[in-house]
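Colleague: Next up is a structure, given as structure tokens.
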Amino acid sequence: MEWNSPVAMLKGVGEQREKRLQKLGIFTVEDLLTHYPREYKDRSQIIKISELIPEEECTFLGQIKEEGENSRRGRLTFTRLKVYDETGAVGILWYNQPYLKNALKIGEWYLFTGKLQKKYGRKEVISPECERIGENFAGGRIIPVYPSVAGLSQKILRGLMEEALQQMGHGLQESLPLWLRKNCCLAERNFAIENIHFPKTEQGFYDARRRLVFEELFLLQLALFSLKQTLEERGEGAILKKKKALQAGEDLLPFSLTNAQKKVLKEIEKDMTSGKIMNRLIQGDVGSGKTAVALIAAYWTIQNGYQAAIMAPTEVLASQHYETFREIFAPIGIEVVLLTGSLTAKAQREALEKVASGEGKMIIGTHAVIRKGVEFHNLGLAVTDEQHRFGVRQRSLLAEKGENVHTLVMTATPIPRTLALILYGDLDISIIDELPPERQEIDTLAVDSRYHQRIYAFLQKQVKGGRQVYVICPMIEESEKLEVQSVLLYTEELQKELPDCRVACVHGKLKGKEKQDVMERFAAGEIDVLVSTTVIEVGINVPNATVMLIENAERFGLAQLHQLRGRVGRGSEKSYCILVSDSKTKVAKARLKTMTESGDGFVISEKDLKLRGPGEFFGIRQHGLPELKIADLTRDMAILKEAQTAAEALMKKDKWLTAKEHELLKEQIDGFLEGKRLEM
Ligand code: ADP
Ligand code: MG
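Using our numbering, the first residue of the sequence shown is number 9, and each one after it goes up by one.
So, in structure tokens, the structure goes:
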């Protein structure tokens, strides 16, 4: 048995079970053993039957002395059994598992865990978990509880873990070098894996978890460093000249830049004249004007004889950028090319030719721009907008379309600064921490559905005044088909409520072209009220829209609500965000309250961290990084810092990880980046 053997090699894994395991992302023994428990149950405290506490989960040993009995009550089958120890006896009751009557053998001892409750007039332990005690029973233990799917019980998973551990027989190769384990007090690998599943002591568990969390974050750090290093080694970056063009670029805009935008442009200027390849993240709240910064950088690049490209996650957003750039670039003779998946074959061919010949200077597109077969003439600047929608790998693919391409990635996903520094370890960070002037604060209200009539009246009034409205009606249905139906239905109803308004809707099932068509009509003011699922979440800019109405607001996380709200308040008119929710849960209420109290994405992201329990952090997946299996960025900040320091130390020691003792680490990093990457 090897670490990477298929899981089907384990005893007890047949075809069906293999399929179910695959649903959990488990293909190999490694996947299985790194499928960590979600929580633990303490079965180490074993009490006597006479000590059972009513209504409290207890673990006790009991012997079967006589056969149990099955009886029926309506549609229920009851299986009743009496178990004994030296202090007394207690009744056990199971529902609908008649086979248990014969499964438990007379004379044998079993370990039970359950609650003593009074039901049907008797005090019994109801539906306890039950485990036969073997000869070498060494006392109760701490039991792992795993994330699972239907058909894979905890008992099965637990059994498979035990089997895999036994097969591996402490034979896991250590991946962390000894000096590091010593310096950072980290447990050995076999110990860690064994104790994370079946902790022998509390201390053992903490040591195991610390080691595994450390390892994961350490690998993440190393992976990010190695990305950065590969970039740096790629050679020298083009040194841009003609600094005057930067000012000329600024003059092309119909507004003057905010100080924050200017500051970021200075940082870009420094990068692009330094001889190094720029690799910079621009973080700025929604509406902070990241596009303008990208536009000036692109203009400067083009004036230096190179091409510039922007990649956006959706067609709608790409065409919006296309319009913005064309409006400014076309009059001065800079050709802007749009490259998306929905172009006709002919248009596509023409676009590709322009990109390859260099006639097209400014290229704007979706994922289509990183496809094979897209050849640039001389790409100098690659911009990725809303980068959290792309994987780490995808954004580097765009840069690989040229030699020594400068890279800018832009994101509006608010994230606490401390985390950003670490998660974006391969990037330098610029922050636009100021909104353009004369932006009005958005009034945010949280109400319940009794307010609908008043809301409709308000929408009518806004539309009469010439404004436009977004309505978000989130995915409530399980399937996409039902979801579309419900959006269509909602739209129909809304049209009835707002007879004087032009109501239309966009949803995930529309083709790119159709979606774009609706969006364009909305942007042109031909639609007053736009109903949608979350497709407009990213980047859309219609300054005349002043109301964002979000139905079932409890279904969105804070980060998303904030993004959605950022679609309004982009013009000079007063804007509103109305959050409708009937949810009574504490978290939902706290979230909505946060929204009404703050408009600052960074404040909101800090709150988001606190409101979500550990493990629910919105973060890492949304940032296009590999998924973390055990580390929890809200809880493990301290270990994260340690891991970062250690990663730096290692890179100093052995930059390319060529030493023998780092071999396994190197392999793991490659796996980390390649195999488990999440494409968003
Ligand atoms: P985001 O950072 O969310 O991508 P955008 O780049 O779409 O934001 O900008 C939002 C709006 O603000 C656009 O209409 C843009 O023209 C406008 N804008 C950007 N910078 C300024 C500025 N310095 N002064 C006034 N308006 C600006
Ligand atoms: Mg944007």
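Don't be surprised by glycine CBs; every beta carbon is placed ideally from N, CA and C.
Less than 8 Å between C-beta atoms, sequence neighbours within five positions excluded: which residues of the same chain meet that for residue 566?
Modeller: Cβ within range, chain order: 599, 602, 603, 612, 613, 615, 616, 619, 626.
Colleague: Suppose the cutoff is 6 Å on Cβ atoms and the five residues either side in sequence are ignored; what does the same chain contact list for residue 380 look like?
Modeller: Nothing meets the Cβ criterion.
Colleague: According to DSSP, is residue 155 helix, strand or coil?
Modeller: Of the three classes helix, strand and coil, the one that applies to residue 155 here is coil, per DSSP.
Colleague: Give the straight-line distance between the Cα atoms of residue 418 and residue 373, rounded to the nearest whole angstrom.
Modeller: Looking at the two C-alpha atoms, the distance is approximately 15 Å.
Colleague: Can you find at least 3 beta carbon pairs, one from the region 91-98 and one from the region 65-79, that sit closer than 8 Å?
Modeller: Yes, they touch.
Colleague: With respect to 6 Å, is the separation between the Cβ of residue 438 and the closest non-hydrogen atom of the ligand ADP below this value?
Modeller: Result no, Cβ not under 6 Å from the ligand ADP.
Colleague: Would you give the residue range spanned by the alpha helix (DSSP H) that residue 645 belongs to?
Modeller: It spans 645-661 - the alpha helix (DSSP H) in which residue 645 sits, taken as one unbroken run.
Colleague: Do you know offhand how far residue 35's Cα is from residue 28's?
Modeller: When rounded, the distance between both Cα atoms is 10 Å.
Colleague: Tell me the rounded alpha-carbon separation between residue 605 and residue 453.
Modeller: Looking at the two C-alpha atoms, the distance is approximately 9 Å.
Colleague: How about residue 377 and residue 319: are their beta carbons less than 7 Å apart?
Modeller: Contact flag set, yes.
Colleague: Does at least one heavy atom of the ligand ADP sit under 6 Å from the Cβ of residue 549?
Modeller: Under cutoff, so the answer is yes.
Colleague: Can you grab the Cα-Cα spacing for the pair residue 621 / residue 540, in whole Å?
Modeller: At residue 621 the pLDDT is 44, less than 50, meaning the model places this residue with poor confidence and gives no usable figure here.
Colleague: Would you say the beta carbon of residue 294 is closer than 6 Å to some non-hydrogen atom of the ligand ADP?
Modeller: Correct: residue 294 has its Cβ closer than 6 Å to the ligand ADP.
Colleague: Give me the Cβ distance between residue 309 and residue 248, rounded to the nearest whole Å; I'm assuming they're in contact under 8 Å.
Modeller: Their Cβ separation, rounded to whole angstroms, is 7 Å, which keeps residue 309 and residue 248 in contact under 8 Å.
Colleague: Residues in its own chain within less than 6 Å of residue 219 by CB, not counting five upstream and five downstream?
Modeller: The answer, listed in chain order, is 194, 195, 200.
Colleague: Thinking residue 676 and residue 229 are a contact (beta carbons under 8 Å), I'd like their distance in whole angstroms, please.
Modeller: With a Cβ gap of about 12 Å, residue 676 and residue 229 do not count as contacting.
Colleague: So does residue 298 have its beta carbon nearer than 6 Å to some heavy atom of the ligand MG?
Modeller: Under cutoff, so the answer is yes.
Colleague: Could you pull out every residue in the same chain whose Cβ sits closer than 6 Å to the Cβ of residue 624, ignoring the five residues on either side in sequence?
Modeller: For residue 624, the predicted structure reports a pLDDT of 41, less than 50, and the residue's modelled location is therefore unreliable. A value from the coordinates is still provided. So no residue of the chain qualifies.
Colleague: Taking only heavy atoms of the ligand ADP into account, decide whether any of them is closer than 6 Å to the Cβ of residue 416.
Modeller: Not under cutoff, so the answer is no.
Colleague: Taking the Cβ atom as the reference point for each residue, do residue 556 and residue 573 lie within a distance shorter than 7 Å?
Modeller: Cβ atoms of residue 556 and residue 573: closer than 7 Å.
Colleague: Whose C-alpha, out of 132, 180, 38, is nearest the C-alpha of residue 58?
Modeller: Ranking the options by Cα distance to residue 58, first place goes to 132.
Colleague: When the Cβ atoms of the region 465-483 are set against those of the region 299-316, are three or more pairs found closer than 8 Å?
Modeller: No, the region 465-483 is not in contact with the region 299-316.
Colleague: Would you decide whether residue 168 is buried or exposed? Buried here means 16 or more other CB atoms lie within 10 Å of its CB.
Modeller: Answer is buried; the Cβ neighbour count reaches 16.
Colleague: In this structure, does DSSP put residue 259 in helix, strand or coil?
Modeller: If DSSP states are grouped into helix, strand and coil, residue 259 belongs with the helices.
Colleague: Using only the alpha-carbon positions, how far apart do residue 185 and residue 432 sit?
Modeller: Their backbone Cα atoms lie some 25 Å apart in a straight line.
Colleague: From the DSSP output, in three-state form, read off residue 737 for me.
Modeller: Past the boundaries of the shown model lies residue 737; the chain is included only from 9 to 688, so the question cannot be answered.
Colleague: Mind checking residue 324: buried by the 16 CB within 10 Å criterion, or exposed?
Modeller: By the 10 Å Cβ count, residue 324 comes out buried.
Colleague: What residue range is occupied by the uninterrupted alpha helix (DSSP H) comprising residue 468?
Modeller: First-last of the alpha helix (DSSP H) with residue 468: 460-472.
Colleague: Going straight from the alpha carbon of residue 243 to that of residue 314, what length do you get?
Modeller: Distance between the alpha carbons of residue 243 and residue 314: 17 Å.
Colleague: List the whole-angstrom C-beta distance separating residue 104 from residue 85, where the pair is believed to meet the contact cut-off of C-beta under 8 Å.
Modeller: Contact holds; Cβ gap of about 5 Å.
Colleague: For residue 672 versus residue 183, is the C-beta spacing smaller than 7 Å?
Modeller: Yes, Cβ-Cβ distance for residue 672 and residue 183 is below 7 Å.
Colleague: Does residue 414 come out as helix, strand or coil in the three-state DSSP assignment?
Modeller: If DSSP states are grouped into helix, strand and coil, residue 414 belongs with the strands.
Colleague: Could you name the residues that DSSP lists as bridge partners for residue 585?
Modeller: According to DSSP, which records beta bridges pairwise, residue 585 is partnered with 452, 556.
Colleague: First and last residue of the beta strand (DSSP E) that includes residue 358?
Modeller: Note, residue 358: premise wrong, no beta strand (DSSP E); alpha helix (DSSP H) at 353-365.
Colleague: Residue 457 and residue 590: beta carbons closer than 7 Å?
Modeller: Against a cut-off of 7 Å, the Cβ pair of residue 590 and residue 457 comes out as a contact.
Colleague: Is any non-hydrogen atom of the ligand ADP found closer than 6 Å to the C-beta of residue 333, if you look at the structure I gave you?
Modeller: Outside the cutoff, so no.
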